[in-house]
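So the sequence lines, in the order shown, correspond to chains G and C. Position 48 of the first sequence, counted from 1, bears residue number 69 in my numbering, the numbering being contiguous throughout. Position 5 of the second sequence, counted from 1, bears residue number 6 in my numbering, the numbering being contiguous throughout. Where a beta carbon is used, it is the ideal one built from N, C-alpha and C, also for glycine. As structure tokens, the structure follows; a few thoughts come after it.
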Amino acid sequence: MLDEEMGRSGVFAYNLAELHMVLEETARLKPDRIKQKEILDWLEHENAHMNVAEATGHTGLRYLLLCVEDKTVPLGVSFLPVVLTDAPDSWTPEEVLEKDIQVLLAPRAYGNKLSPSDAHSLLSNRTLISKIAGRKNSSK
Amino acid sequence: MRIAIHLLDMTIGGLPGSSGEKSPAEKMRELIQMEFASALKNPITQKRIDEIDARQWKINDKFYKTGIRNPKEEAES
């Protein structure tokens with residue numbers, strides 16, 4: 022259901038070559054704003070997330086470039102590239118959170134920077150892990 | 002390796018004038034342009050992204066608290 026909705030407002034890509042073509046299209050649509058440097062930076066950042074997500078065993082991996090309504094910019098949309106992942110059913114809550122943290126931190130490990138949303142999710146995941154550990158300790 | 006083969010295939014198929022048929026890369030680019038045209042007409046709002054995030058957090062939070070997943074709820078999200 023979510024994929025369907027996202028698909029209406031964005032473009033999915035299932036490998037790096039496809040993502041490159043999708044990002045090049047953004048530059049064609051906004052030549053004054055999006056240059057090769059931005060495209061390479063996006064590719065590097067999302068590819069880092071994807072590489073680590075593959076290594077951690079996440080499933081359902083795909084890239085998505087979302088068109089987000091924004092009246093302040095040309096075309097009335099901003100572009101938001103994301104990597105979507107699923108966690109296998111067999112993972113415990115701690116495993117899900119710890120592996121998500123690895124995926125969130127991936128750009129830094131590859132020499133890129135974390136996005137504000139990466140940093141926000143990272144903080145939330147770490148807080149949740151502490152809460153789960155606290156609950157476990159108090160029930161002992 | 003799969004990506005390398007895919008790229009090679011696109012390069013060969015993409016040589017200009019090599020045949021009247023469209024290369025895989027050209028077909029893919031056309032598909033992407035069509036999807037863009039549709040997405041640009043239906044951009045998502047930041048409010049809707051926040052709603053989706055909040056719903057996802059709610060579902061995940063239940064799982065983090067109980068360790069039990071709810072496949073029905075996850076499928077509907």
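Q.
Looking at the secondary structure, which residues open and close the beta strand (DSSP E) in which Gly-68/C lies?
A. Segment: none, Gly-68/C is in no beta strand (DSSP E) and carries neither H nor E.
(Q) For the beta strand (DSSP E) containing Thr-106/G, name the first residue and the last one. (A) 98-107
Q: For chain G, find out if any of its Cβ atoms is closer than 8 Å to the Cβ of Ser-39/C; answer yes or no.
A: yes
Q: For Arg-147/G, name the three-state secondary structure that DSSP assigns.
A: helix
Q. DSSP three-state call for Glu-90/G: helix, strand or coil?
A. Assigned with DSSP and collapsed to three states, Glu-90/G falls in strand.
Q. To the nearest angstrom, how far is it from the Cα of Trp-112/G to the Cα of Thr-80/G?
A. 12 Å
(Q) Along the chain, where does the beta strand (DSSP E) containing Gly-78/G start, and where does it finish? (A) Note, Gly-78/G: premise wrong, no beta strand (DSSP E); not H, not E.
Q.
So, with DSSP's three-state summary, where would you put Ile-1/C?
A. With chain C represented from 2 up to 78, any question about residue 1/C goes unanswered, as that position is not in the structure.
Q) Would DSSP call Arg-29/G helix, strand or coil? A) Arg-29/G falls in the helix class under three-state DSSP.
Q) Checking contacts by CB at 8 Å: is Glu-36/C closer than that to chain G? A) yes
Q: Name the two residues that bound the continuous alpha helix (DSSP H) containing Ile-122/G.
A: 114-130
Q | Rounded C-alpha distance that separates Lys-66/C from Asp-121/G | A | 17 Å
Q. In terms of residues, what are the limits of the alpha helix (DSSP H) holding Ile-33/C?
A. 25-42
Q: Report the neighbours of Thr-113/G on chain C: residues whose CB is nearer than 9 Å to its CB, in chain order.
A: Gly-68
Q: Hey, could you find the ends of the alpha helix (DSSP H) Leu-40/G is sitting in?
A: 37-50
Q.
Just list the residues that DSSP pairs Ala-186/G with in beta bridges.
A. For chain G, the structure presents residues 22 to 161; residue 186/G sits outside this window and is missing.
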